[in-house]
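First up is the structure itself, then whatever we jot down about it.
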Amino acid sequence: MATSRVAPLIQSKRINVAEHFYDLVLVFAVNKVTHTLADDVSWTGLVNAWAVFTPFWWSWVGTGILSNLTDLHDVKNRLRLFAITLITSMMTIAAPTALHGHGLFFAGAYLLLRALLLWWAIDVFGGLRLNPFSVSAFFTAPLLLLTAGLGHEQQRVAWAVLMAVELSSTFLLRRRLTHIRVDVLHLPERFGLVVILALGVPFVDAGGKIPHDFSARQAVALGTAFLLVASLWWIYFHLSNSRIAHQLRTEDNQSRVVRELLAYGHYCLLGSVSAIAVGVWSAVAHPRAAPETPVLWLMCAGAVGFHTVFAWPRWRLPRSVVTVRLTVAAVALVVPFVADGRSGLLALGLLTVPVTAAAVVETALVGMAPSCHCGCRPKQHRLAGLVQHLHPASGGSAPSYSAPGDAL
């Protein structure tokens, strides 16, 4: 009997509280890297921030997939997750100077973290396999440690190359994990939680930059920053996040969705949020002063990146929504030309207006009609029920078919 492309509706795995703990530590690390970028908004600073940010994100993605495939109520798995969280914390304190004196500490901790992930992956996959986990543990992480003692310029180049290899291994070895079948609601919820934290923590930091004797302009700047963050939240959660679960449920090859939308897509989203945060901090702290030109361009480039990510066809967003988001990206590119040399509050406002307008327009286009819990519209949900009725042999479990194409 043919296997349905639509997985039957099953009880979702809930996020374990230990995963929440790790998510908080990840966002702490991302925030630390963002502060480092804010101190050096230049091409060199961008490369440094990217090379240090990537190990955090790629380790978190690998951990998230392994925890999705295993039971964290098991003591061994929970202890492994706590150990990874601790090592991530140690990497975080070394992140600002990882390319200026503490590279050995950072790289050594990363090697230990990847070794833990490899041990976990061996248990999950039933042995040592050639996949992104083994490539990182045996190749990129050791070389990161070996090159940590080079001069600043040589270390920067070496680490940039190694992080490019780390990122590409997931695509190049995509056929090595074709057997993976993930929980369709657990992973989108995990990634969505990180987006919430990534948006919220910089906003809290922005508020912390306002002195006790604050001015009316600073209060307005903080309110504008909130409107920007809330609009970004709306754009992501009103429609986009639920699409991930829907794609996982309706795709034969789940690993392709995990790779393109979660691993790579959210990598770009978090990087974009960090870029926006640098500009927001500057505008809230000094609303009267004109932001430095690189800071202004970085903030607007972050907005461009955030909205452009959703143009990738794998999201399966309505064409009208994609058009709105690409329009916002185009407007954000114009903002630096208009706001250069003007106050930070004006620059922040000019960026916030189109982003907020996009959230309003999208809501008007898509509406607030209730969706089923997997993210598809009511008509599609009825189709899923019909398929399940025609193929009752599935018995309430996920389909066993796995396409021989892509993998994580």
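If you're matching positions, the sequence shown starts at 121 in our numbering and goes up one per residue.
Built from N, CA and C at the ideal position, the CB exists for glycine as well.
Because the structure is a prediction, the values reported are computed rather than measured.
Buried or exposed by the 16-neighbour rule on C-beta atoms within 10 Å, applied to V377: Position 257 of the sequence shown, counted from the first residue, corresponds to residue 377. V377 comes out buried.
C-alpha distance - K133 paired with I300, whole-angstrom precision: Taking the first residue of the sequence shown as 1, we reach residue 133 at position 13. Taking the first residue of the sequence shown as 1, we reach residue 300 at position 180. Those two C-alpha atoms are separated by around 16 Å.
Local conformation of L305 per DSSP, three classes: Against the sequence shown, residue 305 aligns to sequence position 185. Here L305 sits in coil by DSSP.
Proximity of L189 and V302 at Cβ, strictly below 8 Å: To locate residue 189, count along the sequence shown from 1; it is residue 69. To locate residue 302, count along the sequence shown from 1; it is residue 182. Cβ distance < 8 Å, so L189 and V302 count as in contact.
Which listed residue (L231, L233, S254, Y142) has its alpha carbon closest to that of I242: Within the sequence shown, numbered from 1, the residue matching residue 242 stands at position 122. Among L231, L233, S254, Y142, the Cα nearest to that of I242 is on S254.
Supposed close pair A326, A345 - CB separation, criterion 8 Å: Taking the first residue of the sequence shown as 1, we reach residue 326 at position 206. Taking the first residue of the sequence shown as 1, we reach residue 345 at position 225. Contact flag correct, Cβ pair sits at about 5 Å.
Limits of the unbroken alpha helix (DSSP H) element including W180: Translated into the one-based positions of the sequence shown, residue 180 becomes position 60. Segment 163-189, the alpha helix (DSSP H) holding W180.
Integer-rounded CB distance, given that R379 should sit under 8 Å from F291: Here the question's residue 291 lines up with position 171 in the sequence shown. Here the question's residue 379 lines up with position 259 in the sequence shown. Contact flag correct, Cβ pair sits at about 7 Å.
Cut-off 7 Å between Cβ atoms - residues of its own chain near W354, not counting five sequence neighbours on either side: Residue numbering aside, residue 354 sits at position 234 when the sequence shown is read from its first letter. Around W354: A479.
Residues near T205 in its chain [Cβ-Cβ closer than 7 Å; skip 5 each side]: Looking up residue 205 in the sequence shown gives position 85. Closer than 7 Å at the Cβ level, and outside the excluded window around T205, lie F141, Y142, V145.
Residues near R408 in its chain [Cβ-Cβ closer than 7 Å; skip 5 each side]: For the purposes of this step, residue 408 is identified with residue 288 of the sequence shown, where counting begins at 1. Excluding residues within five positions, the ones whose Cβ falls inside 7 Å are R337, S463.
Limits of the unbroken alpha helix (DSSP H) element including E371: In the sequence shown, counting from the first residue as 1, residue 371 sits at position 251. Where E371 is concerned, there is no enclosing alpha helix (DSSP H), given that its DSSP letter is neither H nor E.
Member of I207, L192, P216, I316 whose CA lies at the smallest distance from the CA of V244: What you label residue 244 is simply residue 124 of the sequence shown in a count that begins at 1. Of the listed residues, the one whose Cα sits closest to V244 is L192.
Delimiting residues of the alpha helix (DSSP H) encompassing H155: Mapped onto the sequence shown, residue 155 falls at position 35. Looking at the DSSP string, the run of the alpha helix (DSSP H) that includes H155 is 137-159.
Residue range of the unbroken alpha helix (DSSP H) whose run includes G223: Here residue 223 is taken as the residue at index 103 of the sequence shown, counted from 1. G223 -> alpha helix (DSSP H) spans 223-245.
Under the three-state DSSP convention, the category T298 falls into: Here residue 298 is taken as the residue at index 178 of the sequence shown, counted from 1. Three-state DSSP puts T298 in coil, outside helix and strand.
Cβ distance (whole Å) where A257 is taken to contact R234 below 8 Å: By 1-based counting over the sequence shown, the position of residue 257 is 137. By 1-based counting over the sequence shown, the position of residue 234 is 114. That pair is a contact at about 4 Å.
Range covered by the alpha helix (DSSP H) that runs through E412: As a position in the sequence shown, residue 412 is number 292, starting the count at 1. First-last for E412: undefined, no H or E at that position.
Cα-Cα separation, L397 to A169: Counted from its first residue, the sequence shown places residue 397 at position 277. Counted from its first residue, the sequence shown places residue 169 at position 49. Residue identity differs from the one stated: residue 397 is Ala in this sequence, not Leu. If you take the alpha carbons of A397 and A169, they lie about 14 Å apart.
Distance between beta carbons of L359 and V486, contact taken as under 8 Å: As a working note, residue 486 is residue 366 in the sequence shown. As a working note, residue 359 is residue 239 in the sequence shown. Yes, V486 and L359 are in contact; Cβ-Cβ is about 6 Å, under 8 Å.
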